[in-house]
Every structure is written in C-alpha cells, then in structure tokens.
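In our numbering, the protein residues as written are 168 to 375.
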C-alpha cells in the first residue's frame, strides 16, 4: 500500500465517519449521561466490533455472509430491533435520574461495552460497506495482513476521535445546562436511534 493510497483512505474514511452513526450517537448519549470516562467503555465495545468486522472481511467471509440472504436478514432485524429498543429507553429516560455523579447514573462498564459492541456488530450495512470499501485500498500482490492491520488502525483512530468528540460534547452540554439539556439529548438520540432502526429495517441490498 502506497502513502498516496493510505492518504486517500484516511480522507475518505474521515468524511464517512464524520457522519454520525449509531455508535457515535451512543457515545454522545453515554457522555451526557455518565461522563466521558464511563463512555470510554462503550467506545471500546464499538472498536472491538469494528475489528471483528475487518477480520471477517480480511478472511473473505464478508463476501460469503453478504451473499447469504438468511444471514443478512437475521443480522438486519436483530440490529434494527436492538436500535429501536435503545432508542425507546432513551426517550423514556428521566433526566433527574441520570445526571452525571448521581448514584443511579453509574451503570456497569460491562453494560456500556456490550451495548455499543452489539450495536456495531449487528449492523449488516457496516459489513457490506467494509466488504466493498476496504478491498479498494488493498494491493493484491502485497502481503494482506499488514495492509488490513494498517486500515484497521486508521479506522480505530478515526472512530475513537469521533466518539470522544461527541462524548465530550454531550458531557459539556449537560454541565452547562443540567437537566434540560439532558432531556433534550435523550430525546434527540432516542429519536435518531429509532429512525436508524427504521432505515435499517427497510434496507434492501442491490441485486448482484
């Protein structure tokens, strides 16, 4: 992989990651509800899921799974239902109970980790995207493992930067405006997650 190819990948990925997705919205919500430090557990879950997806693509399994209609539908509906569930929970959340520092506002880090991990892993659009996007930056005659490792590292850094920025934004808004901002963020993130669940449920692959 040449430096020019790597630079192009960084620019293209940066533009795509700048558009908020489910894991970024969870980082925003977690940052506003629990602070940036606890939100880091959710970020770790999302990054692990992305790494697993890249390994799947690198092993060639992404094409196999993408070609299986049954697997695609199963992953799609699990992901859509889980996003809708998380969105409804945020819409019903009481801001008075989730202000940072409150006893009830400190969930188990494992719960935040698993939540973001499952959201990222059960998004078939991410798998299809990586299966089509990543190979374009791979030199087929060069060693594949170092190239995929490089792309995985770049994506991890960009994703982490985006999630940290949104988590910090959420925490700052809550400190500035307290309960009113948290209610607004809960409703915004909850509504967007439900909307993404609907988009995912209606998503259809293009015929080969």
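For glycine and all other residues, C-beta sits at the position ideal for the given N, C-alpha and C.
First through last residue of the alpha helix (DSSP H) which encompasses residue 176: 170-185
Sub-7 Å separation of residue 191 and residue 329 beta-carbons: yes
Under 7 Å between C-beta atoms of residue 184 and residue 290: no
Reduced DSSP category for residue 209 - H, G, I as helix; E, B as strand; rest coil: helix
Alpha helix (DSSP H) segment containing residue 308, residue limits: Residue 308 -> no alpha helix (DSSP H), and no H or E assigned at all.
C-beta atoms of residue 306 and residue 168 nearer than 7 Å: yes
Coil, strand or helix - residue 366 by DSSP: helix
Anticipated Cβ contact below 8 Å, residue 279 with residue 205, distance rounded: 6 Å
Best match in 302, 255, 276 and 317 for proximity to residue 170 [C-alpha to C-alpha]: 317
Among 357, 321, 332 and 331, the one whose alpha carbon lies nearest that of residue 175: 321
Same chain only: Cβ atoms within 8 Å of residue 312, ignoring 5 sequence neighbours per side: 225
Candidates 283, 315, 341 and 308: closest to residue 297 by CA position: 315
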